Amino acid sequence: MSLLDTIDNFYERLVADAVEETREDNDSQDTLSDIMCVALNRLPPRYFRHTIDMMFYLADPELQEMRERVAVAVAEARVFVKTHQRD
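At position 78 of the sequence shown (counting the first as 1) the number is 84 in this note's numbering, and the numbers step up by one without a gap.
And the structure:
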């Protein structure tokens, strides 16, 4: 087992959920992946080993702030990806 298999970035799940929630009919899988990458690069990493630990120690206001930051990052990433698409 790799060390990389033992940790996760909490923002990855939040960003994936936000990207799915804002998905448009003409979005390709590549576009959605690009949006997710750009959004994640604009957010700080928040690593954890066990989901239960992250949820137990994360206060509700902090989770709400993270979700708000994710919404902004995904919206900005969508604009960035659409304006920088290759033909």
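For each residue, glycine too, the CB sits at the ideal point set by N, CA and C.
Remember, it's a predicted structure, so these values are computed and weren't measured experimentally.
Let me confirm a value: residue i is counted as buried when at least 16 other C-beta atoms fall within 10 Å, else exposed. Which label applies?
| i | result |
| --- | --- |
| Val21 | buried |
| Arg84 | buried |
| Asp23 | exposed |
| Met42 | buried |
| Asp40 | buried |
| Tyr53 | exposed |
| Tyr63 | exposed |
Using the Cα positions of residue i and residue j, report the straight-line distance between them to the nearest angstrom.
| i | j | result |
| --- | --- | --- |
| Ala65 | Asn47 | 24 Å |
| Pro50 | Asp11 | 20 Å |
| Pro67 | Arg73 | 10 Å |
| Ala45 | Asp33 | 16 Å |
| Tyr17 | Val78 | 13 Å |
Assign residue i to one of three DSSP states: helix, strand, or coil.
| i | result |
| --- | --- |
| Asp14 | strand |
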